[in-house]
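J.: First to last, the sequence lines map onto chains A and B. Everything in the first sequence is counted per our numbering, starting at 1 for the first residue and increasing by one. Everything in the second sequence is counted per our numbering, starting at 627 for the first residue and increasing by one.
Number of protein chains: 2
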Amino acid sequence: MAVALTILTDPGDAAARRTLTVAPGTTILKAAHAAGVDITATCGGRGRCTSCRVKFLAGLPPPPTIMDEVQLGDDLVREGYRLACQCLLHESVTVQAAPPLEERSFQILGAGQLGRVALDSGVAKQVVKVTLPREEHHQTSDLEQLLEAVGLTTADVGTAVLQGLPQALRDDPAGVTVTTFASGGTAAGRQRILAVERGDTAGMKFGLAIDIGTTSVVTTLVELDSGEQLASVSSLNPQAVFGGDLMSRIAFAQFNPANLRKLHTRIVGLLNQHIEQICRDSGVLAKWIYKVVVVGNTCMHHILLGIDPSHVGLAPYAPVLRHPVTLSARELFLKVAPEARVCLLPLVAGFVGADAVGVALATRIYESAEIRIAVDIGTNGEVLLGSRDRLWACSAPAGPALEGAQIRHGMRGALGAVDRVTVDDDIRVHTIGETDALGICGSGIIDLLAGLLHAGVIDWTGLIQVEARDALPPGLSERVVVRGEERQVVVLRPGEAGARQEIVLTQDDVRQVQLAKGAIASGVMMLQHVAGVPSEMVAELMLAGGFGNYVSIESALRIGLIPPLPRERIRYVGNAASLGAQLCLLSETERTRAETVAARIEHVSLAAHPDFEEIFVECMNFPRPS
Amino acid sequence: MAVALTILTDPGDAAARRTLTVAPGTTILKAAHAAGVDITATCGGRGRCTSCRVKFLAGLPPPPTIMDEVQLGDDLVREGYRLACQCLLHESVTVQAAPPLEERSFQILGAGQLGRVALDSGVAKQVVKVTLPREEHHQTSDLEQLLEAVGLTTADVGTAVLQGLPQALRDDPAGVTVTTFASGGTAAGRQRILAVERGDTAGMKFGLAIDIGTTSVVTTLVELDSGEQLASVSSLNPQAVFGGDLMSRIAFAQFNPANLRKLHTRIVGLLNQHIEQICRDSGVLAKWIYKVVVVGNTCMHHILLGIDPSHVGLAPYAPVLRHPVTLSARELFLKVAPEARVCLLPLVAGFVGADAVGVALATRIYESAEIRIAVDIGTNGEVLLGSRDRLWACSAPAGPALEGAQIRHGMRGALGAVDRVTVDDDIRVHTIGETDALGICGSGIIDLLAGLLHAGVIDWTGLIQVEARDALPPGLSERVVVRGEERQVVVLRPGEAGARQEIVLTQDDVRQVQLAKGAIASGVMMLQHVAGVPSEMVAELMLAGGFGNYVSIESALRIGLIPPLPRERIRYVGNAASLGAQLCLLSETERTRAETVAARIEHVSLAAHPDFEEIFVECMNFPRPS
């Protein structure tokens, strides 16, 4: 199953080439480095620069990732450029390494499809020498001397800064570093002093983008001056033990105030664990984190603020507030700089949260001339449809199945997860890290279902075809079993290659996926229906979400997770909610824009729509073979 | 020693009169009520209204108290009007009860010497019916519906309000009461929502004025709409166990951060005790307290904010900040409405704090055409001198002796304290509550020293005249003793009338008082010196401070606590620092003015002045008999 990778290493000399034999699914960069072919990776292969760019000379370039779009821009992507670090090989190709290209500055989100973002986080640092008060008559104060040194006549100063002020000013004769924040951007009027540190720490200016999903929480550390993403941590939302989906979590919170406090404490605790880990991983001190942007669905947002989400769970499912909220890290007990600004993006509706606003910002759907669709896949998925003229959104409560939860052998996309499945005369799997399989993650489940549908192991209603298994190839046939009263497909048996334990797909698992994909597909269909947009009019469907980058678009199309658009009109955009948060972290203009965009989004309540029931039932089924 | 009080009860009939025999020191109101003469006291005899006003027809009206000035105004006071509840009888007089007077509204600080203050606390309440969100499409939120109901497009809303919002809006179909605050006054722009309460609580709108002294803390509950003072609690500052004066308290804080925390926790704990007690006394719920104004010296101010005051104790004694600070009650852990605004008035210098600013506001010294002096007597006393043209201030670190501390048998002015002393051929005492004496308070000590000086028991250097005691009348002579090596004056012996235990004045007590009064007198003298103001140019000396209302001005003059001005140019103004805080509580215009006034005050550092040493030593002595 190996593929051939041919790399032209010298643009001036077509003979300077190497052909490598590579396992499918390897990135070009990894393959090149393994074979000793030098491809520069300034950012360490994290999609944060353009140094590892390659141009496809033969073979089909894979769909661009959001990193390709961001770093290379639309034009280069169309010309067949890709980042070697992002580009997974699935067929034999020939590429040209680092061909001449006007090098642009090293920045994330600085160019490309998302538009150039002027870096202006609102956070500024100044190293100043403060003249200590020395007059006994006509006294001044530490704060006045500080303000004079930084050239401000007035500023908001929190008590945490005041408490540290006398020591900081007197500790280091070399001076102090004053961190200020201007909401709306550094050109804006009123400043807030976030920190005063001894010595020169001007180079240390970091922020966090936090995406709190129902099932997963992702925290990303970003350097505010360069936009560089330094580290990212993701983990399960620890509230999940109190309910896998939003409704059960709301019911738990509703039960008594102690439960709400429990949910609140859990998420704050997890964020502090993330902060600790991300700081350890990157060598950044937590006190150098001055700005935090949080996105998440309405329920997660409310719980983070300690607000009872009960009424979000009852018709008409209205949020307690939709305004953007800014508070100090101290108020939230987040262990970054105590006066760091924690900015929660605005909400659209009870089930269309700040995460949807983040997706809108990152995908620039609000300024698109043509109609686009963004599907944010997650436990509490959301669908956006529209253009610069109008924008609609609805929730698509998929439940956690696509994130591997509530699936017999489901797991997150971590080491040991089956992430790719091929079904021909038997089932073949690939695991993350190529270790023994521990379970199966979302992309694996979708691949598996697509393959089983194709092979006729399950029919369009989702039923596992136990009765007809004899018609299958022997390898496959053996895997279709009934245990107790349960229909199962045995994906892996202990003893098989790559199998440490048995992994099965149950009939119930199939039903869970049908519910999940039904929710998403019917969300898309309903928005098209409400907006009067037939599929021909959809210029592009953008697949977003934590696992959006890993799912096979072909498989997603096959199981009907997304509407049957031509393949080239579908692309991955990665965790767009988190990217939206990063945009707001890096640009106060973007954070200001979030409010305008949120206000523009028209909420469509699926459940309240008379046609929804029928559409949902239809979407639960798999597409019938054409 | 009784005096005669004649009351004309009917202004139209001079024959309608009663003559009562009254013990000196009784108020006219109390005497009248005891004898069954009806004098209306709407406010309960607390100087908060004008209903008990009397006009002196014969006999000298006593110096007006600040309440007389506030309620009656300058003109009426000059015409001989006084409040019967404030007026202590010391000689026989004839008064006319409640003569015709255009009744002004019931308000504190609303008129008189301090000028009419327009009541505008910035706190407003509105009862509204909020339409709950009911649309599933085009959603709104609880907060948006609330803002619409109160007619705001935007407002600052703290998380504590948001957390209670869904419940409050759904609890009572009759509506909710929304409390807002506009910094600078209700006409000012941006509003902050302080509370949303179910039902109609519009009548409940209270504030606290807090005066944190080194030795005493006074908390006053004020109704914001009427200005009425409802209750007041005072107690010892519990930090005193860690040092009686500021310098020893600073030294304690400096020792380690845990000590600073200890001081901080103690004061916050005490304030919460005060709040509990004041609410219990008045029947006001703590959640109805929406605004708190705090004055205090710089060190107390810093400790309340958790700021290390170490550098306030080191030359050049500069504060960490002088700006006014506003924060939420929640941040300070004060148990009033969580989003209540806690406003700390601005500071002038390391040893001239927000209390001095409060005194300046309350006495209106900053707008005086003539030069006035305000002396705030306290452990960390302060002196203000000036007029609308220029204003100077210095600290007068008297130590706690005048508050009864660091005196062998000293105590606060509470039940059982000797508060009045007469010395003729013997020593005669009066105790608060006329119970057995437990100790001697500041006003008693000053009376005692004045009497002993007059009788020749101590000389102008402060030495107790043991050697010359035989020249004294026998009753007095017996009281002058030497025990061990200590010279003492026995004020009370067990078995004497009013004596439960022995109370003595030691030579060391005299020295403590000399230090205290020396600090204050030299402060006044130095300001006169620096400003070039001879005593003839001083139009008035205002005596302020917790015990200012009780001290005998004659005694204070006799011991040289205040400069030898003609008696009629000296008056009591009560606890002016606390009254200044109350002004700012009731009027955002005043609170805004505090900053201008603070900026205008020129700080004079006594210790840094070359002439101070000599003046201080001179002021430690008692005035020589002329």
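Beta carbons: idealized from backbone N, C-alpha and C, even for Gly.
Quick check on the DSSP output: the beta strand (DSSP E) that includes Gly922 (chain B) runs from which residue to which?
T.: As a first step, residue 922 (chain B) is located in the second sequence; it is residue number 296 there, counting from the start. Gly922 (chain B) -> beta strand (DSSP E) spans 915–922.
J.: Is Ser635 (chain A) close to chain B, meaning its C-beta is less than 7 angstroms from at least one C-beta of that chain?
T.: What is shown of chain A runs 1 to 626, which leaves residue 635 (chain A) out entirely.
J.: Give the secondary structure of Trp392 (chain A) by DSSP, where H, G and I count as helix, E and B as strand, and everything else as coil.
T.: As a working note, residue 392 (chain A) is residue 392 in the first sequence. In this structure, Trp392 (chain A) counts as strand in the three-state DSSP scheme.
J.: Tell me whether Thr691 (chain B) counts as near the ligand SAM, meaning its Cβ is closer than 6 angstroms to at least one heavy atom of that ligand.
T.: The model depicted lacks the ligand SAM and carries no ligand whatsoever.
J.: Gln1127 (chain B) touches chain A at which residues, Cβ-Cβ below 8 angstroms?
T.: Residue 1127 (chain B) sits at position 501 when you count from the first residue of the second sequence. None at all; the shortest Cβ gap to chain A is about 45 angstroms.
J.: Nearest to Gly1039 (chain B) by CA position, among B:Ala1063, B:Trp1018, B:Arg1054, is which residue?
T.: The sequence position of residue 1039 (chain B) within the second sequence is 413, counting from 1. For the residues B:Ala1063, B:Trp1018, B:Arg1054, the minimum Cα distance to Gly1039 (chain B) belongs to B:Ala1063.
J.: Rounding to the nearest angstrom, what Cα-Cα distance links Ser522 (chain A) and Val604 (chain A) in this structure?
T.: Looking up residue 522 (chain A) in the first sequence gives position 522. Looking up residue 604 (chain A) in the first sequence gives position 604. Cα to Cα, Ser522 (chain A) sits roughly 12 angstroms from Val604 (chain A).
J.: Taking DSSP as the reference, what is the three-state secondary structure of Ile407 (chain A)?
T.: Here the question's residue 407 (chain A) lines up with position 407 in the first sequence. Reduced to three states, the DSSP call for Ile407 (chain A) is coil.
J.: Could you round the C-beta distance between Ile1129 (chain B) and Ile1066 (chain B) to whole angstroms and report it? I think they count as a contact, below 8 angstroms.
T.: Taking the first residue of the second sequence as position 1, residue 1129 (chain B) is located at position 503. Taking the first residue of the second sequence as position 1, residue 1066 (chain B) is located at position 440. Ile1129 (chain B) to Ile1066 (chain B), Cβ: 6 angstroms. Contact.
J.: Taking just the CA atoms, how far does Arg796 (chain B) sit from Gln752 (chain B)?
T.: Along the second sequence, one-based indexing puts residue 752 (chain B) at 126. Along the second sequence, one-based indexing puts residue 796 (chain B) at 170. Distance between the alpha carbons of Gln752 (chain B) and Arg796 (chain B) is about 17 angstroms.
J.: If you draw a straight line from the C-alpha of Ala1234 (chain B) to the C-alpha of Leu940 (chain B), how long is it?
T.: In the second sequence, counting from the first residue as 1, residue 1234 (chain B) sits at position 608. In the second sequence, counting from the first residue as 1, residue 940 (chain B) sits at position 314. Looking at the two C-alpha atoms, the distance is approximately 13 angstroms.
J.: Given a threshold of 16 other Cβ atoms within 10 Å of its Cβ, counted over all protein chains shown, does Asp1045 (chain B) qualify as buried or as exposed?
T.: Within the second sequence, the letter at position 419 stands for residue 1045 (chain B). With 16 or more Cβ atoms within 10 Å of its Cβ, Asp1045 (chain B) is classed as buried.
J.: Using the beta-carbon count (16 or more within 10 Å), is Arg1217 (chain B) buried or exposed?
T.: By one-based count along the second sequence, residue 1217 (chain B) stands at place 591. It counts as buried.
J.: Less than 7 angstroms between CB atoms is the rule here; does Val946 (chain B) satisfy it with respect to chain C?
T.: The structure shown has no chain C; the protein chains it does contain are A and B.
J.: Could you check if Gly269 (chain A) is buried or exposed, using at least 16 other CB atoms within 10 Å of its CB as the buried criterion?
T.: As a first step, residue 269 (chain A) is located in the first sequence; it is residue number 269 there, counting from the start. Classification of Gly269 (chain A): exposed, given that the 10 Å Cβ count is below 16.
J.: Starting from Gly207 (chain A), trace the beta strand (DSSP E) both ways and give me its first and last residue.
T.: Position 207 of the first sequence, counting from 1, holds the residue named residue 207 (chain A). Unbroken beta strand (DSSP E) run through Gly207 (chain A): 206–212.
J.: Under 7 angstroms Cβ to Cβ from Ser1181 (chain B), same chain only, skipping five residues before and after it: list those, please.
T.: Here the question's residue 1181 (chain B) lines up with position 555 in the second sequence. Correct list, in chain order: Ile1072, Asp1073, Ala1076.
J.: What are the residues in the stretch 751–779 of chain B lying within 7 angstroms of chain A by C-beta distance?
T.: Hits within the stretch, in order: Pro759, Arg760, Glu761, Glu762, His763, His764, Gln765, Thr766, Ser767, Asp768, Leu769, Glu770.
J.: Is the beta carbon of Val616 (chain A) sitting closer than 7 angstroms to the one on Leu453 (chain A)?
T.: As a working mapping, residue 616 (chain A) is identified with position 616 in the first sequence. As a working mapping, residue 453 (chain A) is identified with position 453 in the first sequence. Reading off the sequence shown, one finds Phe at residue 616 (chain A), where the question assumed Val. No; because the gap between Cβ atoms is not below 7 angstroms, this pair is not in contact.
J.: Tell me the DSSP secondary structure of Thr215 (chain A) in three-state form.
T.: Numbered from its first residue, the first sequence carries residue 215 (chain A) at position 215. Thr215 (chain A): coil per DSSP, three-state reduction.
J.: Around the C-beta of Gly560 (chain A), are 16 or more other C-beta atoms found within 10 angstroms, so that it is buried, or is it exposed?
T.: The count along the first sequence starts at 1 and reaches residue 560 (chain A) at position 560. Under this definition Gly560 (chain A) is a buried residue.
J.: One question on the structure: do Glu1228 (chain B) and Pro972 (chain B) come within less than 7 angstroms of each other, judged by their Cβ atoms?
T.: For this step, residue 1228 (chain B) is matched to residue 602 along the second sequence. For this step, residue 972 (chain B) is matched to residue 346 along the second sequence. No, they are not a contact pair.
J.: Taking the alpha-carbon of Glu485 (chain A) as reference, which of A:Val466, A:Gln145, A:Arg372, A:Arg571 has the nearest alpha-carbon?
T.: One-based indexing of the first sequence puts residue 485 (chain A) at position 485. If we check each option's Cα against that of Glu485 (chain A), A:Val466 comes out closest.
J.: Once you ignore the five residues that flank Val22 (chain A) on each side, which residues in its own chain have a CB closer than 8 angstroms to its CB?
T.: Counting from one through the first sequence, the residue named residue 22 (chain A) turns up at place 22. Taken in chain order, the residues that qualify are Ala2, Val3, Ala4, Leu5, Ala31, Leu89.
J.: Got a sec: is the Cβ-Cβ distance from Gln163 (chain A) to anything in chain B below 7 angstroms?
T.: For the purposes of this step, residue 163 (chain A) is identified with residue 163 of the first sequence, where counting begins at 1. Yes, contact with chain B.
J.: Just checking: is the beta-carbon of Ala608 (chain A) within a distance shorter than 7 angstroms of some beta-carbon in chain B?
T.: The residue you call residue 608 (chain A) lines up with position 608 of the first sequence. So yes, Ala608 (chain A) belongs to the interface.
J.: Please check if any C-beta of chain A sits within less than 7 angstroms of the C-beta of His1056 (chain B).
T.: Translated into the one-based positions of the second sequence, residue 1056 (chain B) becomes position 430. So no, His1056 (chain B) is outside the interface.
J.: If you check the beta carbons only, do Val1115 (chain B) and Val1106 (chain B) fall under 7 angstroms apart?
T.: On the second sequence, position 489 is the one that residue 1115 (chain B) refers to. On the second sequence, position 480 is the one that residue 1106 (chain B) refers to. Yes.
J.: My assumption, with CB atoms under 8 angstroms, is that Ala329 (chain A) sits in contact with Ala581 (chain A). Please give the rounded CB distance.
T.: Start at 1 with the first residue of the first sequence, and residue 329 (chain A) comes out as number 329. Start at 1 with the first residue of the first sequence, and residue 581 (chain A) comes out as number 581. Not quite, the Cβ-Cβ distance comes to about 16 angstroms (not below 8 angstroms), so this is no contact.
J.: Taking Cβ positions only, does Thr632 (chain B) come closer than 7 angstroms to chain A?
T.: Translated into the one-based positions of the second sequence, residue 632 (chain B) becomes position 6. Taking Cβ atoms only, chain A never reaches closer than 7 angstroms to Thr632 (chain B), which makes this a no.
J.: Would you report the Cα separation of Ser105 (chain A) and Met537 (chain A), rounded to the nearest angstrom?
T.: Position 105 of the first sequence, counted from the start, is the residue given in the question as residue 105 (chain A). Position 537 of the first sequence, counted from the start, is the residue given in the question as residue 537 (chain A). Bear in mind that the predicted position of Ser105 (chain A) carries a pLDDT of just 26, short of 50, making it unreliable; the figure below should be weighed with that in mind. Near 36 angstroms, if we compare the C-alpha coordinates of Met537 (chain A) and Ser105 (chain A).
J.: Asp1052 (chain B) and Leu1011 (chain B): beta carbons closer than 7 angstroms?
T.: Counting from one through the second sequence, the residue named residue 1052 (chain B) turns up at place 426. Counting from one through the second sequence, the residue named residue 1011 (chain B) turns up at place 385. No. Outside cutoff.
J.: Rounding to the nearest angstrom, what Cα-Cα distance links Glu1240 (chain B) and Ala1157 (chain B) in this structure?
T.: The residue you call residue 1240 (chain B) lines up with position 614 of the second sequence. The residue you call residue 1157 (chain B) lines up with position 531 of the second sequence. For Glu1240 (chain B) and Ala1157 (chain B), the distance between alpha carbons rounds to 18 angstroms.
J.: Which residues in the same chain as Leu543 (chain A) place their Cβ atom closer than 6 angstroms to its Cβ, once the five residues preceding and following it in sequence are excluded?
T.: Along the first sequence, one-based indexing puts residue 543 (chain A) at 543. Excluding sequence neighbours, Leu543 (chain A) sits near Val375, Tyr572.
J.: Under 8 angstroms Cβ-Cβ, which residues of chain A neighbour Gln793 (chain B)?
T.: Your numbering for residue 793 (chain B) matches position 167 in the second sequence. Correct list: Asp308.
J.: How about the stretch 220–238 of chain A and the stretch 199–206 of chain A: do they share at least three Cβ pairs that are nearer than 8 angstroms?
T.: Short answer: they touch.
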